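Peer 1:
Residue numbers (the working numbering): 27 to 78.
1. By the 10 Å Cβ neighbour count, where 16 or more other Cβ atoms means buried, how is residue 41 classified, buried or exposed?
2. Can you give me the Cβ contacts of residue 72 inside the same chain, cut-off strictly under 8 Å, excluding the 5 residues immediately before and after it?
3. What separation, rounded to the nearest whole angstrom, lies between the Cα atoms of residue 75 and residue 57?
4. By the three-class DSSP mapping on this structure, what secondary structure does residue 48 have?
5. Does the beta carbon of residue 69 sit closer than 8 Å to a beta carbon anywhere in chain C?
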């Protein structure tokens with residue numbers, strides 16, 4: 027996997043992190059803990075895809 031493809035994958039996961047974080051924040055009525063958990067899970071998944 028080339029460097030440009032890895033960076034593209036990380037940029038691709040940036041959109042769900044921002045949009046999904048806002049949705050989780052709205053659904054949990056302002057609880058930052060649930061947003062942090064969502065983003066950590068998303069980053070672990072993205073990291074596992076990039077590290078292959």
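Think of the CB as a built atom: it goes at the ideal place given N, C-alpha and C, for glycine as much as any other residue. Remember, it's a predicted structure, so these values are computed and weren't measured experimentally.
Peer 2: On the basis of the supplied data:
1. exposed
2. 35, 36 and 39
3. 28 Å
4. helix
5. Given the protein chain composition of this structure (a single chain), no chain C is represented.
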